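Everything below concerns the one structure shown next.
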Amino acid sequence: MINSLKSRWWDFLGSMRLAISLLSILSIASAIGTLVKQNEPMVNYIDQFGIFWAEWFGKLGLYDVYNQAWFLIILLFLLISTSVCLIRNTPKMLRDMREFKNHTRTNSLRHLHEHREWLSDAPLGQITQHAANVFDAQGYKLRAKHNEAGTYLAAKRGRFNRLGYILTHLAIIVICVGGLLDSELSIRAQVALFGKEPQANAATYKQVPPAGILSSNTLSYRGNINLPEGAAADYVELTYDQNHYLLQELPFAIRLNQFIVDYYSTGMPKRFASNVTVQDKTTGESFDQTIEVNHPLRYKGVAVYQASFADGGSALNLNIYPLNGTVAQAAKLDATMFQNHALSYGGKNYMLEWREFKPINVEPFNENGAPEAAQEVMPLSHALRPTGANQQFKNLGPVIQFVLRDDQNDALEFRNYMNPIMLNNFPVFVSGVRNDPNKEFNYFGIPADSEQTPNDFMRLRAALANSELRAQAVEAYVKTLPASTAITPEQLSKSAHKTIDLFAQGGKSLENWLVATPADQRDVVVKFAVSQLEGTLWQLMQIARTQAQLAVLPENDYNRQFMRIATERLTQGNDYLAPIYVQLAGFKQVQASVLQMTRSPGQFWVYLGSLMLVLGTLAMTFIRERRVWLHIKPEGTQHRMVLAMSSTRRTMDYQRAWTDLQNELMNSNLK
């Protein structure tokens, strides 16, 4: 009973059905791991799949497929199944490669699909010699057997075809072993069996407890380090799951001496490399090396690749402009990338959380992206993310990306460009804003004044919020108008007050008031209100500059365009959603290199297995195993010859070989 059970279990493990089932499951899991981005924040999956399915997919481990226990167990069972199959069948295949399978029963040949028999008048010696010559010419190995009943010839070629089956099965085993060696199995084992505890909160290396630090003898791992110039590291942070990490000790310390980056004329990076010093922890010996893309550093089983580059904590000089109230002056702030900064404004507390700083920023761009018919700078999305055939890549200069979070934990993300960008032939300071990290930015533009700063716009905005300055602007505007018998100065002043006060409440307020006018009078009222608004805002701009002890603006095309765009921007001000505008005024860049630390002992075995798989497939495809039998038996004064052939694949090539063999053996000299 026990032997029978063992035999059944052995047969099950080595069955083709089990192997195909395991391969199918692994293929489906690998497809999921390819289609679904791995190790993303949970909020991304919720946005993509919804809360219900995101939770279920998380429980199934679809967000980290290749390190799930069930995936590794399936891989292990495939390894066992293929090994059992190979152990069971290899001896028989090797035996078949050596054996010629001499058939001594002629009737058995007659049951093969390809067989032929005929009578020959030639003597036995001539027949056997001719057959031997034919078999040798066609690449067959020959064995002969004689007895009183006749002569039996057995020939075969392509015996190494069976090596293809052995190599392909062995390749699967080697690749599975390599995959298990390069998996996180050793890391998971340390957590499960040796007391290692994944950490939830970010901390410095010295603050992480010993339970959160993996041994330098960990079999395999892969992680990135962000190394600023002049800094050194002897550990790498490994992601354990979406919310936890472990620190991996390195057998050496690596210091970034200099980061080198070269650019094309377009601003795209052409080459980036890291000059590093490596110091062995055991011996204290050190050496220098340059790491480039496709030229990694390999030392003590660890490969160090040049993955990318990033900011290493650049110093930023910022102007913080208020977007409400009567203050136009910007506050100065010195900040450092990746160090959050607290702000107080309007009785509320805010936090600036830095995400990215790029001194060179190459993006697809189209100056004519905005609709020409509307002659608007807004919206800017088409210009900064063009999809048409005329898009070009352009260096738009330094850009900062950050999150502004209030004390209620409500956050907005911004992407602000340092230099004004030419849109519709006018320079504009561009700022993108979004309240969802999974959505695209909505872009807004602040027109640049004649000195290429946002100061005049901010002065106009602050003056518009001041009722006294609005009254002065109305008075100055009315004085510029010629005397009229149709309308008195008091009526003009009252009308202009109404227009600019409504505009100060927001562009929509003025628009709603104009829409509410009778339809037969609307066109006249709108033209009159727009004329009053333009004239009053122009006077308001001059008053704001006078208060700032600046010269008045001359009337020219540039300033008229500036005022038009400024009016449009003030109309859309509520859409910006933020109480302040953060402008990058200057910076001192600190470069950082992103290095990938990889220990992958299974890499060699995966490459070897892949080579074996290719060779095995080629052997099975191009090496044709064929077996031929020729029985020669005396029949009176003649000899009866029975010829048969078999092969694992009866292809067109096989049929042609069968025909050629018959023609060679049945020539006129042997009939």
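Here the working numbering = 1-based position in the sequence shown + 64.
Even glycine gets a Cβ: it sits at the ideal position worked out from N, Cα and C.
All figures in this text were calculated on a predicted structure; none of them were measured in a lab.
To which residues does DSSP link H308 through a beta bridge? Your numbering for residue 308 matches position 244 in the sequence shown. DSSP output for H308 lists no bridge partner at all.
Cβ-based burial, D520 [other Cβ within 10 Å; buried from 16]: On the sequence shown, position 456 is the one that residue 520 refers to. Buried, because 16 or more other Cβ atoms sit within 10 Å of the Cβ of D520.
Quick check on Q655: does DSSP put it in helix, strand or coil? Counted from its first residue, the sequence shown places residue 655 at position 591. Looking at Q655 - three-state DSSP - the assignment turns out to be strand.
For G650, which option in R720, H175 and G461 has the closest C-alpha, if you only look at C-alpha atoms? Working through the sequence shown from its first residue, we reach residue 650 at position 586. Of R720, H175 and G461, the residue nearest in Cα terms is G461.
Does the beta-carbon distance from L476 to L641 come in below 8 Å? Within the sequence shown, the letter at position 412 stands for residue 476. Within the sequence shown, the letter at position 577 stands for residue 641. The answer is yes: Cβ separation under 8 Å.
Could you pull out every residue in the same chain whose Cβ sits closer than 6 Å to the Cβ of D717, ignoring the five residues on either side in sequence? For the purposes of this step, residue 717 is identified with residue 653 of the sequence shown, where counting begins at 1. Closer than 6 Å at the Cβ level, and outside the excluded window around D717, lies no residue.
Taking buried to mean at least 16 other C-beta atoms within 10 Å of its own C-beta, is W120 buried or exposed? As a working note, residue 120 is residue 56 in the sequence shown. W120 comes out exposed.
Label T544 either buried or exposed according to how many other C-beta atoms from any shown protein chain fall within 10 Å of its C-beta, with 16 as the threshold for buried. The sequence position of residue 544 within the sequence shown is 480, counting from 1. Its Cβ having fewer than 16 others within 10 Å, T544 is exposed.
Taking 6 Å as the limit between beta carbons, can you name the residues of its chain near V255, skipping five residues before and five after? Taking the sequence shown and counting its residues from 1, the one referred to as residue 255 is at position 191. So no residue of the chain qualifies.
Taking the beta carbon of K156 as the centre, do at least 16 other beta carbons fall within 10 Å, making it buried, or is it exposed? Start at 1 with the first residue of the sequence shown, and residue 156 comes out as number 92. Exposed: under 16 other Cβ atoms inside 10 Å.
May I have the straight-line CA-CA distance separating A512 from L617, to the nearest angstrom? Locating residue 512 in the sequence shown gives position 448, where the first residue counts as 1. Locating residue 617 in the sequence shown gives position 553, where the first residue counts as 1. So the two alpha carbons sit approximately 14 Å from each other.
Uninterrupted beta strand (DSSP E) stretches inside the segment 67 to 119 (no shorter than 3 residues): none
Return the residue from the list M332, L136, D474 and Y285 that minimises the CA-CA distance to P428. Numbered from 1 along the sequence shown, position 364 holds the residue referred to as residue 428. Per the Cα distances, M332.
So, with DSSP's three-state summary, where would you put V391? Stepping through the sequence shown from its first residue, residue 391 is reached at position 327. If DSSP states are grouped into helix, strand and coil, V391 belongs with coil.
Closer than 7 Å to a non-hydrogen atom of the ligand MN - does that hold for the CB of L291? For the ligand MN, the structure offers nothing, since it holds no ligand at all.
So, R419 versus V463, is the Cβ gap smaller than 8 Å? Walking along the sequence shown from the start, residue 419 turns up at place 355. Walking along the sequence shown from the start, residue 463 turns up at place 399. Against a cut-off of 8 Å, the Cβ pair of V463 and R419 comes out as no contact.
For I144, which residues in the same chain have their Cβ closer than 7 Å to its Cβ, ignoring the five residues on either side in sequence? Taking the first residue of the sequence shown as position 1, residue 144 is located at position 80. The residues are L77.
Which two residues bound the contiguous alpha helix (DSSP H) that contains V155? By 1-based counting over the sequence shown, the position of residue 155 is 91. One detail in the question is off: residue 155 reads as Pro in this sequence, not Val. Where P155 is concerned, the enclosing alpha helix (DSSP H) stretches over A133 to R162.
Which residues in the same chain have their Cβ closer than 6 Å to the Cβ of W74, if we skip the five residues on either side of it in sequence? As a first step, residue 74 must be located in the sequence shown, where it is residue number 10. Contacts found: none.
Quick one: using the 10 Å Cβ neighbour count with 16 as the cut-off for buried, is M442 buried or exposed? Within the sequence shown, numbered from 1, the residue matching residue 442 stands at position 378. Here M442 scores only 41 on pLDDT, less than 50, and its place in the model should not be relied on; the value that follows carries that caveat. So M442 ends up on the buried side.
Could you compute how far the alpha carbon of P435 sits from the alpha carbon of N489? For the purposes of this step, residue 435 is identified with residue 371 of the sequence shown, where counting begins at 1. For the purposes of this step, residue 489 is identified with residue 425 of the sequence shown, where counting begins at 1. Bear in mind that the predicted position of P435 carries a pLDDT of just 32, short of 50, making it too unreliable to give a figure here.
Pull up the distance between the alpha-carbon of N288 and that of Q655, whole angstroms please. Working through the sequence shown from its first residue, we reach residue 288 at position 224. Working through the sequence shown from its first residue, we reach residue 655 at position 591. Taking the straight line from one Cα to the other gives about 16 Å.
The alpha helix (DSSP H) spanning Y671 covers which residue range? For the purposes of this step, residue 671 is identified with residue 607 of the sequence shown, where counting begins at 1. It spans Q667 to F686 - the alpha helix (DSSP H) in which Y671 sits, taken as one unbroken run.
Assign A453 to buried or exposed, taking buried as 16 or more other Cβ atoms, counted over all protein chains shown, within 10 Å of its Cβ. On the sequence shown, residue 453 is found 389 positions in, with the first residue counted as 1. Note that A453 has pLDDT 48, beneath the 50 cutoff, so the model's placement of it is unreliable and the number below is only indicative. It counts as exposed.
With 16 other Cβ atoms within 10 Å as the buried cut-off, status of L675: The residue labelled residue 675 in the question sits at position 611 within the sequence shown. So L675 counts as exposed.
Cβ contact check for the segment 398 to 413 and the segment 349 to 356: 3 or more pairs under 8 Å: no
What are the residues that DSSP puts in a beta bridge with F421? Counted from its first residue, the sequence shown places residue 421 at position 357. F421 is bridged to I464.
Nearest-angstrom Cα distance between K458 and N425? Counting from 1 along the sequence shown, the entry for residue 458 is found at position 394. Counting from 1 along the sequence shown, the entry for residue 425 is found at position 361. C-alpha separation (whole angstroms): 8 Å.
Considering only DSSP beta bridges, list what D326 is partnered with. On the sequence shown, position 262 is the one that residue 326 refers to. D326 pairs with R335.
Please list the terminal residues of the continuous alpha helix (DSSP H) segment that includes G276. Here residue 276 corresponds to residue number 212 of the sequence shown, with the count starting at 1. Element bounds for G276: n/a, residue is neither H nor E.
Could you pull out every residue in the same chain whose Cβ sits closer than 8 Å to the Cβ of L387, ignoring the five residues on either side in sequence? Against the sequence shown, residue 387 aligns to sequence position 323. Excluding positions up to five away in sequence, the list reads R525, G637, Y640, A642, P643, I644 and Y645.
Return the Cβ separation of A529 and G389 in integer angstroms, given the expectation that the two are a contact with Cβ distance under 8 Å. In the sequence shown, the residue the question calls residue 529 occupies position 465. In the sequence shown, the residue the question calls residue 389 occupies position 325. Between G389 and A529 the Cβ distance is about 6 Å, and since that is below 8 Å, they are a contact.
Taking L188 and H695 to be in contact with their CB atoms under 8 Å, please state how far apart those CB atoms are, rounded to whole angstroms. Numbered from its first residue, the sequence shown carries residue 188 at position 124. Numbered from its first residue, the sequence shown carries residue 695 at position 631. Not confirmed; about 12 Å, so no contact.
Same chain only: Cβ atoms within 8 Å of R87, ignoring 5 sequence neighbours per side: The count along the sequence shown starts at 1 and reaches residue 87 at position 23. One detail in the question is off: residue 87 reads as Leu in this sequence, not Arg. Excluding residues within five positions, the ones whose Cβ falls inside 8 Å are L142.
Cβ shell of A55 (< 8 Å), same chain only, five flanking positions each side left out: What is shown of the chain runs 65 to 735, which leaves residue 55 out entirely.
Less than 8 Å between C-beta atoms, sequence neighbours within five positions excluded: which residues of the same chain meet that for L150? In the sequence shown, the residue the question calls residue 150 occupies position 86. Hits under 8 Å: I230, H233, L234 and I237.
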